[in-house]
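Here the sequence shown is numbered in our numbering, starting from 42 and rising by one per residue.
First the structure, in the form of structure tokens, and then the observations on it.
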Amino acid sequence: FRTFLKLKQGADTVLYEPFAPWSTGDQARMFIGMNELEIEAQNPAHGLRTNVLYFVLPGEPFAGL
42 FRTFLKLKQG
52 ADTVLYEPFA
62 PWSTGDQARM
72 FIGMNELEIE
82 AQNPAHGLRT
92 NVLYFVLPGE
102 PFAGL
């Protein structure tokens with residue numbers, strides 16, 4: 042997946058993509074549970090923390106939400 046955030050910095054508008062491998066200054070972490078996977082990206086320069094949590098759905102014809 043890809044996530045895009047449009048940020049206002051004074052009079053400027055900046056496009057930020059958390060979880061992008063080329064992002065500089067991001068700190069990424071991954072958490073793995075029994076039925077879930079969570080990824081987190083922190084960008085101190087923008088003051089943002091973005092989390093995505095995936096759940097496994099047993100018995101469903103798709104992998105997760």
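All C-beta atoms in this analysis are idealised placements derived from N, C-alpha and C, irrespective of residue type, glycine included.
Closest by C-alpha distance to residue i, when choosing among the options
| i | options | result |
| --- | --- | --- |
| Asp67 | Pro99, Lys47 and Gly88 | Gly88 |
| Phe42 | Gly74, Pro62, Thr54 and Gly100 | Pro62 |
| Phe45 | Gly51, Ser64 and Ala52 | Ser64 |
| Phe60 | Leu98, Arg90 and Val97 | Arg90 |
| Leu98 | Asn84, Ala82, Leu78 and Asn92 | Leu78 |
Residue range of the beta strand (DSSP E) that includes residue i
| i | result |
| --- | --- |
| Glu58 | Per DSSP, Glu58 belongs to no beta strand (DSSP E) and is neither H nor E. |
| Asn76 | First-last for Asn76: undefined, no H or E at that position. |
Rounded C-alpha distance that separates residue i from residue j
| i | j | result |
| --- | --- | --- |
| Ala86 | Glu58 | 13 Å |
| Asn76 | Leu48 | 33 Å |
| Gly100 | Gly51 | 49 Å |
| Gly105 | Val55 | 31 Å |
| Phe103 | Tyr95 | 12 Å |
Under the three-state DSSP convention, the category residue i falls into
| i | result |
| --- | --- |
| Leu94 | strand |
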